[in-house]
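One structure is given below, encoded as C-alpha cells.
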Amino acid sequence: MKQNSNLILYIVIPCYNEEKALPLTEKELTKKMTQLIKENKISKDSKIVLVNDGSKDKTWDIIEKIYNRNNIYIGIKLSKNKGHQNALLAGLMYAKDNADISISMDADLQDDINVIDEMIKKYKTGSEIVYGVRSSRRKDSIFKKITAEGFYKFMSLMGVDIVFNHADCRLMSKKTLESLSKYKEVNLFLRGIVPQIGYKTDIVYYERNERVAGESKYPLKKMLNFAIDGITSFSIKPLKMITTIGFIILILSFLVLIYSIIMKLIGNTVSGWTFIVCSIWLIGGIQTLCLGIIGEYIGKIYNETKQRPRYIIEKILD
Ligand code: UDP
Ligand code: MG
Numbered sequence: 002m003k004q005n006s007n008l009i010l011y012i013v014i015p016c017y018n019e020e021k022a023l024p025l026t027e028k029e030l031t032k033k034m035t036q037l038i039k040e041n042k043i044s045k046d047s048k049i050v051l052v053n054d055g056s057k058d059k060t061w062d063i064i065e066k067i068y069n070r071n072n073i074y075i076g077i078k079l080s081k082n083k084g085h086q087n088a089l090l091a092g093l094m095y096a097k098d099n100a101d102i103s104i105s106m107d108a109d110l111q112d113d114i115n116v117i118d119e120m121i122k123k124y125k126t127g128s129e130i131v132y133g134v135r136s137s138r139r140k141d142s143i144f145k146k147i148t149a150e151g152f153y154k155f156m157s158l159m160g161v162d163i164v165f166n167h168a169d170c171r172l173m174s175k176k177t178l179e180s181l182s183k184y185k186e187v188n189l190f191l192r193g194i195v196p197q198i199g200y201k202t203d204i205v206y207y208e209r210n211e212r213v214a215g216e217s218k219y220p221l222k223k224m225l226n227f228a229i230d231g232i233t234s235f236s237i238k239p240l241k242m243i244t245t246i247g248f249i250i251l252i253l254s255f256l257v258l259i260y261s262i263i264m265k266l267i268g269n270t271v272s273g274w275t276f277i278v279c280s281i282w283l284i285g286g287i288q289t290l291c292l293g294i295i296g297e298y299i300g301k302i303y304n305e306t307k308q309r310p311r312y313i314i315e316k317i318l319d
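Below, the structure is given as C-alpha cells:
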C-alpha cells in the first residue's frame with residue numbers, strides 16, 4: 002500500500018448568515034476532502050475550519066451539527082460579527098498552529114473548490130503562497146463586474162500592492178501564516194498584507210461561480226467601505242497628493258501674479274483687485290502645501306504605529 006501523505010491541510014471558511022449555503026457547501030467540501038485524502042494528496046488529519054462570524058441566523062447550530070456528525074470539521078465561533086477579514090484571520094491563525102498549509106475560501110462555493118488540487122500541487126513544487134485568481138466574471142452581474150474590477154484598478158492607482166482579481170481564496174504555508182501573525186494591525190486588509198510577506202508565490206486561475214444560496218454579504222456600501230479601508234490602511238498616496246496639489250496652486254499663483262500685474266499696467270482693473278487676487282492664490286497655495294507637509298508627517302506616524310515587521314528572513318546559511 003502507498004504510504005499516507007502527511008501534509009496537513011486546513012481549509013478555512015468564514016461564515017456569516019450562511020444557513021442556506023452551508024448544507025450544500027458541506028456536501029461539496031466533504032466530498033473534496035475525502036477524495037484528496039484517498040488520493041494521498043493530504044494527510045487524514047486535515048480539517049475544514051468553519052468560522053462563524055457572529056451570524057444572526059442558524060449558522061452556528063448548523064456548524065455544531067456538522068461537527069458532531071463528521072470529525073473532519075472544526076467549528077470556531079466568534080463572539081460577535083467582526084467582518085470577513087477578521088473571521089478569516091481567526092481561522093488562519095488556528096490553522097497556523099495545527100496545519101502545514103491552509104486554504105481559505107468563501108462559504109458560498111463561489112470559489113471553485115477544484116483549485117485545491119492545483120494549489121497543493123504548486124505548494125509541493127515550492128510555492129509558499131498560491132493566489133486563486135478569477136479568470137472570468139461571466140457569471141457576475143455587469144454591475145458587480147464593473148464595481149469589483151474598478152475596485153482593483155483604483156487600489157493599484159492609489160499605491161496598494163494587490164493581485165488583480167484575487168479575493169481571499171489562497172493557499173498559505175505554515176511559514177507564511179507565521180509571518181502573517183507578525184502583522185499586528187487592527188484595520189485588516191489581507192489582500193494587501195499577504196503580497197508583502199514575500200516568498201515564492203504562484204497563481205491558479207479559476208472561474209468564479211454563482212453563489213450557491215443566500216445573498217451576498219457585500220453590498221455596494223460595504224464594498225466601498227472595504228475599498229476605502231484598503232487604501233487608507235495601505236497607502237499614504239492620498240496624503241502625498243495634497244503636497245502635489247499645493248505645489249501646483251503655488252505655481253499657478255505666480256502665473257496669476259504676472260497676469261494681474263499685466264492687467265493692472267494695461268489699466269484693466271478696479272482698484273484693489275490685483276492685491277486681492279494675488280493674496281487669494283498665494284495663501285491658498287501656501288495653505289495646501291502646509292497641509293501636505295503635515296500630511297507627510299502623519300504618513301510617517303501612521304506607518305510607525307502599524308509596527309509592521311521590517312523584514313522576514315526566509316533562510317540563513319550558517
Ligand atoms: N462573511 C463574513 N463576515 C461578514 C461578511 C461576510 O464572514 O461580515 C463571509 C461570508 O459568509 C462569505 C465570505 O465572507 O463566506 C464572502 O462573503 P460574500 O460571499 O457575501 O461576498 P461576495 O462574494 O458577494 O463578494
Ligand atoms: Mg460570495
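To get this note's numbering, take the position in the sequence shown, counting from 1, and add 1. Glycine included, each C-beta is placed from N, C-alpha and C at the ideal position. From a predicted model like this one, the values you see are computed outputs, not experimental measurements.
Anyone know if the C-beta pair for residue i and residue j falls short of 8 Å?
i	j	result
L290	F248	yes
A228	F155	yes
V131	K123	yes
L110	V13	no
S47	I104	no
A108	Y11	no
V278	V257	yes
G296	T245	no
L172	I198	no
R309	Y184	yes
V52	A88	yes
V187	E119	no
E315	Y200	yes
I117	K32	no
S254	G286	yes
N18	S56	yes
S6	I43	yes
D112	C170	yes
R192	I163	yes
M224	F152	yes
L90	L251	no
L221	G300	no
S128	T35	no
I67	E20	no
D54	P24	no
Which residue marks the beginning of the beta strand (DSSP E) containing residue i, and which one marks its end?
i	result
Y11	L10 to C16
K39	From DSSP, K39 is part of no beta strand (DSSP E) but of the alpha helix (DSSP H) over L23 to K39.
N53	K48 to N53
Quick check on the DSSP output: the alpha helix (DSSP H) that includes residue i runs from which residue to which?
i	result
D62	T60 to R70
V257	K238 to I267
N304	W274 to K307
> Does the count of Cβ pairs from the region 225-240 and the region 150-167 closer than 8 Å reach three?
Replying inline: yes
>> Suppose only complete runs of 3+ residues qualify. What are the beta strand (DSSP E) ranges in the region 77-149, listed by chain order?
In response: 102-105 and 130-137
> Just checking, does the region 62-81 make contact with the region 165-185 on the three C-beta pairs under 8 Å criterion?
Replying inline: With the cut-off at 8 Å, the region 62-81 and the region 165-185 do not touch.
> Are the region 60-70 and the region 123-138 touching by the rule of at least three beta carbon pairs closer than 8 Å?
Replying inline: Result no; under three Cβ-Cβ pairs closer than 8 Å.
> Between the region 254-268 and the region 211-218, are three or more C-beta pairs nearer than 8 Å?
Replying inline: By the Cβ criterion, the region 254-268 is not in contact with the region 211-218, since fewer than three pairs of Cβ atoms, one from each stretch, lie closer than 8 Å.
>> Threshold first: 3 residues or longer. Then list the beta strand (DSSP E) segments lying entirely within the region 142-221, N to C.
In response: 167-174 and 202-208
> What residues come near ligand 2, if near means a beta carbon less than 6 Å from any of its heavy atoms?
Replying inline: D107, D109, Q111, R212 and S217
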